[in-house]
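Just so you know, the sequence shown maps onto residues 41 to 205 in my numbering.
Glycine is no exception: its CB is placed at the ideal position from the N, C-alpha and C atoms.
Report on the following structure.
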Amino acid sequence: MAERADVTEVLLFRHFGSKAGLFDEAVLAPFEGFVSDWASRWQQLRVSGETLDELGREYIDLLYGFLEQNRQLVVALLSARAHHPTTDERLDGLFARLEQTVRDGAARYGLPIRDPTATVRLTFGMVLSAVVHAQILFPAKSPLTRSQIIEEITRYMLYGITDPT
Numbered sequence: 041m042a043e044r045a046d047v048t049e050v051l052l053f054r055h056f057g058s059k060a061g062l063f064d065e066a067v068l069a070p071f072e073g074f075v076s077d078w079a080s081r082w083q084q085l086r087v088s089g090e091t092l093d094e095l096g097r098e099y100i101d102l103l104y105g106f107l108e109q110n111r112q113l114v115v116a117l118l119s120a121r122a123h124h125p126t127t128d129e130r131l132d133g134l135f136a137r138l139e140q141t142v143r144d145g146a147a148r149y150g151l152p153i154r155d156p157t158a159t160v161r162l163t164f165g166m167v168l169s170a171v172v173h174a175q176i177l178f179p180a181k182s183p184l185t186r187s188q189i190i191e192e193i194t195r196y197m198l199y200g201i202t203d204p205t
């Protein structure tokens, strides 16, 4: 990495502190960027009058696209978590920001959501699984288009999470 960046290893580690710090920054920074972008987008969308379906679909579409484009980072994150304890803390912080958008959305649209924490994490996991395991979940003999996958996950997220009581 130091060679690619045209800097010395010493400079690289001085900036990131350790291999673990470098890993966390290289892998988690794009996820943090996605969450920041979505949080900003959410603030704009809150006042522009989109329907709940439109908001949900946009989030799922953006998350799906992000994970699809960053598949290698996703695989690195999944395979290396055990060796990088700070990763969980940073992921928890990212999920907390997303949970706040769910709380805001529930209040705005009057959704009786039971558990924003579970909603955010399970929705993220569903999209992650659809991207990473697409060949297993959607084999050639029963393919779904990207649009169909996004639509179904959106419906599940919006209508599978409401509390009927």
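Since residue i and residue j are thought to touch, with beta carbons under 8 angstroms apart, how far apart are those beta carbons, to the nearest angstrom?
i	j	result
D101	L198	The Cβ separation is near 13 angstroms, so there is no contact.
L134	V75	5 angstroms
For a test of the three-state rule: what should DSSP assign to residue i, helix, strand or coil?
i	result
P183	coil
F164	helix
G89	coil
F74	helix
F178	coil
D128	helix
M41	Confidence at M41 is low in this model, with a pLDDT of 48, below 50, so its placement is unreliable and no value can be given for it.
Alpha helix (DSSP H) containing residue i: first to last residue?
i	result
F106	92-109
Check whether the Cβ atoms of residue i and residue j sit closer than 8 angstroms, and answer yes or no.
i	j	result
R137	A79	yes
L103	V114	no
R111	I190	no
L168	T127	no
I153	V160	no
E129	T157	no
G150	L95	no
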